Each structure stands twice: as C-alpha cells, then as structure tokens.
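Q:
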Amino acid sequence: MTEAISADGIRKRYGDVQAVDGVSLSVATGEFYGILGPNGAGKTTTLEILEGIREPDEGRVELLGLAPWPRNTALLPRIGVQFQASAFFVKLTARETIRTFASFYGIGPKRADAMLERVGLTDSAGVLTDKMSGGQAQRLSIACALVHDPELVFLDEPTPGLDPQARRNLWDLLRDINAEGRTVVLTTHYLDEAEVLCDRVSVMDHGKVLKTGTPAALVREIDDTVRVGVESGQLTAARARELFAAAGAEITGLEDDGATLSLSTRLPAPVLSVLAEQNALRGLEVRGATLEDVFLQLTGREYRA
Amino acid sequence: MSTTSTPVRRPESGSESAGTERVSAFAGLTRVMLLGFVRDRGALFFVLLMPLMFLLMFGALFKNTGAPHVKVAEVGQVRVLDSVQGDGRAELEKVLTISRADDEKSALEKLRKGDLDGVLSEGADGTVNLRYSATDQVKAGSVQGIVNSLVQDANQAASGKAPVFTLVPSQVEDESLKPIQYLTPGLLGWAIATGAVYGASFTLVSWRKKRVLRRLRLAPVSPGTVVGARVAVSLAIALAQTAIFLAVATTPFFGLKLTGNWWLVVPLVLCATIAFMSIGLVTGAAAKSEEAANGINQMIILPMSFLGGAFIPLDGAPGWLTTVSHFLPLRYLVTSAQAVLSRGGGVMDVLPSMGGLLAFSAVMCAIAWRFFNWDDA
Ligand SMILES: Nc1ncnc2c1ncn2[C@@H]1O[C@H](COP(=O)(O)OP(=O)(O)OP(=O)(O)O)[C@@H](O)[C@H]1O
Ligand SMILES: [Mg+2]
Numbered sequence: 001m002t003e004a005i006s007a008d009g010i011r012k013r014y015g016d017v018q019a020v021d022g023v024s025l026s027v028a029t030g031e032f033y034g035i036l037g038p039n040g041a042g043k044t045t046t047l048e049i050l051e052g053i054r055e056p057d058e059g060r061v062e063l064l065g066l067a068p069w070p071r072n073t074a075l076l077p078r079i080g081v082q083f084q085a086s087a088f089f090v091k092l093t094a095r096e097t098i099r100t101f102a103s104f105y106g107i108g109p110k111r112a113d114a115m116l117e118r119v120g121l122t123d124s125a126g127v128l129t130d131k132m133s134g135g136q137a138q139r140l141s142i143a144c145a146l147v148h149d150p151e152l153v154f155l156d157e158p159t160p161g162l163d164p165q166a167r168r169n170l171w172d173l174l175r176d177i178n179a180e181g182r183t184v185v186l187t188t189h190y191l192d193e194a195e196v197l198c199d200r201v202s203v204m205d206h207g208k209v210l211k212t213g214t215p216a217a218l219v220r221e222i223d224d225t226v227r228v229g230v231e232s233g234q235l236t237a238a239r240a241r242e243l244f245a246a247a248g249a250e251i252t253g254l255e256d257d258g259a260t261l262s263l264s265t266r267l268p269a270p271v272l273s274v275l276a277e278q279n280a281l282r283g284l285e286v287r288g289a290t291l292e293d294v295f296l297q298l299t300g301r302e303y304r305a
Numbered sequence: 001m002s003t004t005s006t007p008v009r010r011p012e013s014g015s016e017s018a019g020t021e022r023v024s025a026f027a028g029l030t031r032v033m034l035l036g037f038v039r040d041r042g043a044l045f046f047v048l049l050m051p052l053m054f055l056l057m058f059g060a061l062f063k064n065t066g067a068p069h070v071k072v073a074e075v076g077q078v079r080v081l082d083s084v085q086g087d088g089r090a091e092l093e094k095v096l097t098i099s100r101a102d103d104e105k106s107a108l109e110k111l112r113k114g115d116l117d118g119v120l121s122e123g124a125d126g127t128v129n130l131r132y133s134a135t136d137q138v139k140a141g142s143v144q145g146i147v148n149s150l151v152q153d154a155n156q157a158a159s160g161k162a163p164v165f166t167l168v169p170s171q172v173e174d175e176s177l178k179p180i181q182y183l184t185p186g187l188l189g190w191a192i193a194t195g196a197v198y199g200a201s202f203t204l205v206s207w208r209k210k211r212v213l214r215r216l217r218l219a220p221v222s223p224g225t226v227v228g229a230r231v232a233v234s235l236a237i238a239l240a241q242t243a244i245f246l247a248v249a250t251t252p253f254f255g256l257k258l259t260g261n262w263w264l265v266v267p268l269v270l271c272a273t274i275a276f277m278s279i280g281l282v283t284g285a286a287a288k289s290e291e292a293a294n295g296i297n298q299m300i301i302l303p304m305s306f307l308g309g310a311f312i313p314l315d316g317a318p319g320w321l322t323t324v325s326h327f328l329p330l331r332y333l334v335t336s337a338q339a340v341l342s343r344g345g346g347v348m349d350v351l352p353s354m355g356g357l358l359a360f361s362a363v364m365c366a367i368a369w370r371f372f373n374w375d376d377a
C-alpha cells in the first residue's frame, strides 16, 4: 500500500505553547485515520500543518508524494478540507455557497446540488448560511470539502452539534466516501465515532502522539478488566463478597451505590455464574474496556465530549 | 445516499482545463462579491443612495446661486439701454432683465417689495437716474456696476474717439463653476471613493475573519483571480455610480450640460477606482476587524473628500490646501472630471491624472502586500 500522508517529526510553537511537539505519522491510501485528544492537544494544528496552511517550525510532510508547503496548486484539487469552525462567504445561501466552492474546481452547479442532497440539505438550500443551525452549517461545511471529489479528505471534528440521526447519516456518508477509495483523516472528541469509523487512531496530548493502532488493538492493550453491574437490592455487597470468595471468583472492585451493584473482574465467567445461581441478574450489564478507558489511561484526563 | 463505488478521479493537468477552471472561479467569485454588495443594505446606502441624496439636495439648494441676475424696470425711454442692440443686447440680458414700466410710482413700489432690483429713468439733461434698494447688497452692487459701465460705454461712444483704455471683460458665468458643475464630479468622486475603498477593505477583513481566505488558499484559485474578480466588481459598481450621477445631473432640472469629450470620464473613473481600492487593500490588510476597518476608512475618505475638493471647489482654496490636495487621489478624479464633463476638456486633462492615479495604486499595493495575512493568527 502506498502512503497518502507521511509526516516526520513536525513541531510548531506559538509563543510559550508548544502546540505540536514532534509528531510523526503515516496514513495509507484508502485508510480511515482518526486523531483523538483532549482540548488543546494539538489536533487542529497538526491537521493545519498536514494540509499545508501552516508552516511547521520543524519536520517534513508529504501528501500524496508532494510537499504541501509552500502552497502547491497541483496538490490542492486532490485534497478536501473541512475546518473546525465554518468558513462561508457572507450573505450567501447554502446552495450559492456550495456552487461557489464548486466553481473553484471548475465543477458545475449540478454536481454541487447533488452534493448538497447527499448531506441532506436540499430542503435548506435557500437558507442564508449565517441563519443555518449549527448542524446544518456543519453538514454544509463537509459538503463543501467533498464537492470536488478529493482523494484525501481532512475533517476537523465533523460531528459536534449534530443530532443523533444526522450524526448516523454523516457516518454513513463518511464510510461511503472512504469505501470509494478516498483516504479520510478525522479528528474527534467522540470515541464511539472513532471506534465505529476509523481503521486506525492516534491518541494525542500536549502536542505528542501517545499511541497509534487499530481501536481494537488499543483497547486490548490496556488492562482488560470487565465491568459487571446488576440492579441493587437483589444481593447485598457483603453477601456477594462471601459468595464470590467461596466460588473462587476473583474481583477487583465491588460497590453498591443504591441503584447498581457494580464490580470489576478479569474473569467474568465465575462471577456471572454466582449471580445466576442467586437469581440476581436483573438489570445485568457487562462491559469490556472501550476507547474511553484507553483515552483515560493514556491522557490521565477525564474524557470530555 | 449513493453507495456506488466510483474510482477516485485524478485531476487532469492540461492547460486547457486550468483555463476553464480559472474562468469558472472568476465567475464564481464575481458573483459572490456582487451578491454580497447587493444584499448589504448598508453598503448600498452609503455607496449609492447617500451620495445621490446629497446631489439632489445640494443641487436643488444651490441651483439659483452663481452670478447674480438683476431685474430692472425702464421708465420712459432710457437711451443708454436702448442703444445697446444685437449681440451686445443678448450679452446684457444674460445679467440684466429689462422690463418697461409706464408709471414710475408703481415701479418704485415693486422695487421696495423686492420684485425689482433697480428702476431706470432718463432726465432731461441726459442724466440717467438709477434707483435701487439696499436690502440685497449683492444685487445693489451689481445693478450699479452694470448701469455704470453702460453709461461709460455710451459716453465713450458719444465722444467719437477711439477708447484710450479698454477693459477686457471676463465673463463671470463661464469661467467660474456653476454649482452642478462642481457638485456632480465632486459628489461622484466621493461616492466612488467610498464604494471602492470599502469594497476592497471589507472583502479582505471579513474574508480573513470568516476564514474564507484560508479556505480559498486551499482551493486551486490564484490570488490573481481573487483580486481580478474584486477589481472587476468594484469597477462595475463605479461605472454604475457614474451612469446614475450623470443621468440625474443632466436632467433639465439640474441642467448639467456635457461637453465634447465627456466620455473621457470613463477611463478616468476606472483608474481612480483602482487607486481607491488600493487604499482599501492597505486598510483591509492592516485592520483586524470590520469595525476597525470601518473607522480607518472613514478617517481617510472624509478628509480626503473635503481636502480633495469633493464638497467644496478648490478654485478659491488657500495655497496650503491646494498643496495638500495634490497628494490625494480624489483630487485628480474630481478636477479632471470637472474639466472633461462640462468645461470642454480633452485627453490632456485626464491622461496625467490617470497616470498619477495608477502610480499611486502601485505604491499602495506594494504597502498592502507587506501587511497582508491569510489568517488572523
Ligand atoms: N493561532 C494560534 N496562536 C496561538 N496559539 C495557538 C494558536 N492555535 C492554537 N494555539 C494553541 O496551541 C495549542 C493546540 O491547539 P489546537 O487548536 O491544535 O488544539 P486542538 O487539539 O485542536 O484542540 P480542540 O480539541 O479544542 O480543537 C493550544 O494550547 C492552543 O491554545
Ligand atoms: Mg481543534
């Protein structure tokens, strides 16, 4: 597989802030790649350097085999970019906006309108962009990034502000464009999004990539504790402890908050059989580690959506 | 939602496709800027409506000023008046309306009321009696001066000798400007300056703030195409302003008479628009917000309009002002437009100005380039 993006040791400093501190990454053609990280981790700055709108202090970047900095007009039609904050012309409707962006690539109004339809904005095509809802603006912004059929797509937090339905639709769209052979790089705060969409993710904080891998591998790598919960009132915490000890089921934590009796264990089978014997399975929930746990462990920070 | 799997399109890198893309991008940008202008009520007001209102207001207000025209009544026969015939009579009637009155009493009554400015009668021994009212000092002065010169001429003619001294009269009305003759180019210059400075400066500031510039930078659009589209739109707006102003000023009510090479105002306006846009580029590159740009632009346009002769003619201005005005691009537009629109000026009245305006633009663009930034950060 050829590389769509290769970055080596990129650094960027703003005054006292080292926004990007030696990031290296490589994205294969056709890959769906995610960058995760808390606020201020340096995700946007990294993307800007990859896209070629910011010059890195240090490091080397190649997109599709070409250097994005200084501005490279041979490269531009092959990449599509959606900014974290929308960038629209003033006093234009959604349809006029996407047609204008399309015109920059010599693309006619028909294909622009089709793209608008693809993100479900046909009904709001006549709305001025500054009157659009956050979610509509977000979708328009993505449509504008995709209107010229780019091979490589950068999306900086495409889904905040979308309702669940619109979010699912957008996921479908992103999966489709990836299935068509396009490489997609996305930053997000939503770990479920990364888990569902991305082939590989990098977890970033303080300008550094902490870990890269497939979501499944990252989850497997961390302590694989399973959390089990049942409704309170079926079994007291003390009795449960006795029973687990008698059955030889090792548990690492046990707590009853009045609503849920929750416990964690590395060996869920004996625990579950004890609960079944006691007929205490009402409201049973079993949850393995998720990216959220990975995120927490790597960044040491509470996950904030 | 489409699920067909199309192979990713490789952009063709032929020069032909680059050409059509450039045309399409130019058309797209031009449309964006025109729509932005037409849908911005504030811009429409300041660029078109307000200057036009000023023209209507001042045009109507100053319509009857200029060289004072006086009305006299002739009681009985007054030879100094009657002896002036032919061309001389026509010239005389430009400044003097002569009516006949049979009855001296009623004529004097009209004089008191202000309906007349003078009453003329001739005495037995050749005295010419002029009665006037001192209510209107200007007219009192004019009527005395005119009648006095008539008497002098008649005496001189009666002596039968060639005149020893000849006064070369210079016709007041034709040399000094009628109000509409300086109001039209002046207010038009102000309107064009406002439109072009704001157009360039606002596009730059708001596109930078709204991250549109940064987005454009990621599209295969050359800076030349963006600038070209902005220049084309501003030129179109300036020509529309010119057409509207000339249409209004040449109505019979305002009575501006266009002379021979008036169309030279078109290339002149185009050059001036580019010069004003270059000012807007500098303020737009330097200002961080629309509000700041607004303030800076106003601080440039208003003084430039006053000192450049847009509101008051520079003809009688003190020397220092004339000196200052030579550094202001608006002055070249206003004075050259005055010359070609209604005073019979020709190519040589506009060419040097056009050259100067373009040179000014080049300097300003170089300055703007140094300040220019794609991004806020
Ligand atoms: N233009 C700039 N000027 C100065 N500092 C900046 C600039 N852009 C970003 N920073 C700083 O660099 C650091 C990284 O910012 P960046 O926008 O890359 O983070 P991010 O991971 O995208 O955050 P978020 O999740 O909030 O979007 C932050 O501390 C930020 O304050
Ligand atoms: Mg960001």
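Each protein sequence line maps, in turn, to chains D and E. Numbering-wise, the first sequence is residues 1 to 305 according to the numbering used here. Numbering-wise, the second sequence is residues 1 to 377 according to the numbering used here. For each residue, glycine too, the CB sits at the ideal point set by N, CA and C. Because the structure is a prediction, the values reported are computed rather than measured.
Between D:K208 and chain E, is the shortest Cβ-Cβ distance under 8 Å, so that the two count as touching?
A: For this step, residue 208 of chain D is matched to residue 208 along the first sequence. With 8 Å as the cut-off, D:K208 does not count as an interface residue toward chain E.
Q: Using the beta-carbon of each residue, which ones in chain D are nearer than 9 Å to E:D40?
A: As a first step, residue 40 of chain E is located in the second sequence; it is residue number 40 there, counting from the start. By Cβ distance, chain D contributes V90, K91.
Q: For a contact meaning CB atoms closer than 9 Å, what does E:G36 contact in chain D?
A: Position 36 of the second sequence, counting from 1, holds the residue named residue 36 of chain E. Correct list: F89, V90, K91, L92.
Q: Starting from E:V212, find everything on chain D with Cβ-Cβ shorter than 9 Å and list it in chain order.
A: Position 212 of the second sequence, counting from 1, holds the residue named residue 212 of chain E. By Cβ distance, chain D contributes A87, F88, F89, V90.
Q: Cutting at 7 Å between CB atoms, please list the residues of its own chain near E:D115, excluding the five before and the five after it.
A: Here residue 115 of chain E refers to the residue found at position 115 when the second sequence is read from its first residue. So the list is empty, once near-sequence residues are dropped.
Q: Measure the C-alpha to C-alpha separation of E:E175 and E:G344 and round it to an integer number of angstroms.
A: Position 175 of the second sequence, counted from the start, is the residue given in the question as residue 175 of chain E. Position 344 of the second sequence, counted from the start, is the residue given in the question as residue 344 of chain E. With a pLDDT of only 48 at E:E175, under the threshold of 50, the placement of this residue in the model should not be trusted; the figure read from the coordinates follows. About 12 Å.
Q: Alpha carbon to alpha carbon, what distance is there between D:G15 and D:L243?
A: Here residue 243 of chain D refers to the residue found at position 243 of the first sequence. Here residue 15 of chain D refers to the residue found at position 15 of the first sequence. D:L243 and D:G15: Cα-Cα distance of roughly 60 Å.
Q: Taking 7 Å as the cut-off, is the beta-carbon of D:V17 closer than that to any non-hydrogen atom of ligand 1?
A: Translated into positions along the first sequence, residue 17 of chain D becomes position 17. It does: the Cβ of D:V17 is within 7 Å (strictly closer) of some heavy atom of ligand 1.
Q: Determine the DSSP secondary structure at D:E193, reduced to helix, strand or coil.
A: Working through the first sequence from its first residue, we reach residue 193 of chain D at position 193. Of the three classes helix, strand and coil, the one that applies to D:E193 here is helix, per DSSP.
Q: Quick one: does the C-beta of D:Q138 sit closer than 7 Å to a heavy atom of ligand 2?
A: The residue given as residue 138 of chain D occupies position 138 in the first sequence. No, ligand 2 has no heavy atom inside 7 Å of this Cβ.
Q: In the DSSP assignment, the alpha helix (DSSP H) including E:I244 goes from what residue to what residue?
A: Residue 244 of chain E sits at position 244 when you count from the first residue of the second sequence. Segment 223-249, the alpha helix (DSSP H) holding E:I244.
Q: Under 8 Å Cβ-Cβ, which residues of chain E neighbour D:R71?
A: In the first sequence, the residue the question calls residue 71 of chain D occupies position 71. Under the 8 Å cutoff, chain E gives R217.
Q: In whole angstroms, give me the CA-to-CA distance for D:G300 and D:D205.
A: Residue 300 of chain D sits at position 300 when you count from the first residue of the first sequence. Residue 205 of chain D sits at position 205 when you count from the first residue of the first sequence. So the two alpha carbons sit approximately 10 Å from each other.
Q: DSSP puts D:Y14 in a beta bridge; with which residues?
A: On the first sequence, position 14 is the one that residue 14 of chain D refers to. D:V17.
Q: Please report how far the alpha carbon of E:G195 lies from the alpha carbon of D:P215, in whole angstroms.
A: Walking along the second sequence from the start, residue 195 of chain E turns up at place 195. Walking along the first sequence from the start, residue 215 of chain D turns up at place 215. Between E:G195 and D:P215, the C-alpha separation is close to 56 Å.
Q: Using only Cβ atoms and a threshold of 7 Å, which residues come within that distance of a heavy atom of ligand 2? Order them by chain position.
A: In chain order, the hits are D:K43, D:T44, D:Q84, D:D156, D:E157, D:T187.
Q: Could you give the C-beta distance for E:R211 and D:F83, rounded to a whole number, given that I count them as a contact under 8 Å?
A: As a working note, residue 211 of chain E is residue 211 in the second sequence. As a working note, residue 83 of chain D is residue 83 in the first sequence. Right, their Cβ atoms sit about 6 Å apart.
Q: Are the stretch 158-177 of chain D and the stretch 4-11 of chain D in contact at 8 Å, needing three or more beta carbon pairs?
A: Flag = no, the stretch 158-177 of chain D and the stretch 4-11 of chain D do not touch.
Q: Are the C-beta atoms of D:E51 and some chain E residue less than 8 Å apart?
A: Here residue 51 of chain D refers to the residue found at position 51 when the first sequence is read from its first residue. Chain E contact via Cβ: present.
Q: So is E:G186 buried or exposed if we call it buried at 16+ other beta carbons inside 10 Å?
A: Taking the second sequence and counting its residues from 1, one reaches residue 186 of chain E at position 186. Under this definition E:G186 is a buried residue.
Q: Give me the chain E residues within the contact set of D:G15, using Cβ-Cβ distance strictly less than 9 Å, ordered along the chain.
A: Mapped onto the first sequence, residue 15 of chain D falls at position 15. Within 9 Å Cβ-Cβ: nothing; D:G15 doesn't reach chain E, min ~11 Å.
Q: Closest to D:G306 by C-alpha separation, out of D:L152, D:R266, D:L66, would be which residue?
A: Chain D is shown from 1 up to 305; residue 306 of chain D falls before or after that span and cannot be answered.
Q: What would DSSP say about E:A359, mapped onto helix, strand or coil?
A: Against the second sequence, residue 359 of chain E aligns to sequence position 359. Helix.
Q: In the DSSP assignment, the alpha helix (DSSP H) including D:I107 goes from what residue to what residue?
A: For this step, residue 107 of chain D is matched to residue 107 along the first sequence. Unbroken run through D:I107: none, as it is neither H nor E.
Q: By the DSSP assignment, the alpha helix (DSSP H) with E:S378 in it spans what residues?
A: Outside the shown range of chain E, which is 1 to 377, sits residue 378 of chain E, and nothing can be said about it.
Q: Do D:V286 and D:P270 have their C-beta atoms closer together than 8 Å?
A: Within the first sequence, the letter at position 286 stands for residue 286 of chain D. Within the first sequence, the letter at position 270 stands for residue 270 of chain D. Contact: no.
Q: Using a Cβ-based criterion (distance less than 7 Å to any ligand heavy atom), does D:A41 qualify as near ligand 1?
A: Within the first sequence, the letter at position 41 stands for residue 41 of chain D. D:A41 Cβ: within cutoff of ligand 1.
Q: For chain D, check one thing: does any of its Cβ atoms lie closer than 8 Å to the Cβ of E:S206?
A: Stepping through the second sequence from its first residue, residue 206 of chain E is reached at position 206. Judged by the 8 Å Cβ criterion, E:S206 is in contact with chain D.
Q: Determine whether the Cβ of E:E21 lies closer than 8 Å to any Cβ atom of chain D.
A: As a first step, residue 21 of chain E is located in the second sequence; it is residue number 21 there, counting from the start. Interface residue, yes.
Q: Do the CB positions of D:F154 and D:L47 come within less than 8 Å of each other?
A: Translated into positions along the first sequence, residue 154 of chain D becomes position 154. Translated into positions along the first sequence, residue 47 of chain D becomes position 47. Yes, the Cβ-Cβ distance between D:F154 and D:L47 is below 8 Å.
Q: Checking the sheet assignment: what are the DSSP bridge partners for D:F154?
A: In the first sequence, residue 154 of chain D corresponds to position 154, counting from 1. In DSSP, D:F154 forms a bridge with D:V81, D:V185.
Q: Please determine, among E:T97, E:L96, E:G118, the residue with the shortest C-alpha to C-alpha distance to E:K105.
A: Mapped onto the second sequence, residue 105 of chain E falls at position 105. Answer by Cα proximity: E:G118.
Q: Against chain E, with Cβ distances strictly below 8 Å, would D:E96 count as a contact?
A: On the first sequence, position 96 is the one that residue 96 of chain D refers to. Chain E, which has a Cβ nearer than 8 Å to the Cβ of D:E96, makes this yes.
Q: Taking all protein chains shown into account, decide if E:D375 is buried (16 or more other Cβ within 10 angstroms of its Cβ) or exposed.
A: Within the second sequence, numbered from 1, the residue matching residue 375 of chain E stands at position 375. Its Cβ having fewer than 16 others within 10 Å, E:D375 is exposed.
Q: Ligand 1 and E:Y182: does any heavy atom of the ligand fall closer than 7 Å to the residue's C-beta?
A: As a first step, residue 182 of chain E is located in the second sequence; it is residue number 182 there, counting from the start. No; taking the cut-off as 7 Å, the Cβ of E:Y182 has no heavy atom of ligand 1 nearer than that.
Q: Given a limit of 7 Å on CB to CB distance, which residues of the stretch 287-303 of chain E reach chain D?
A: Listed by position along the chain: nothing, the set is empty.
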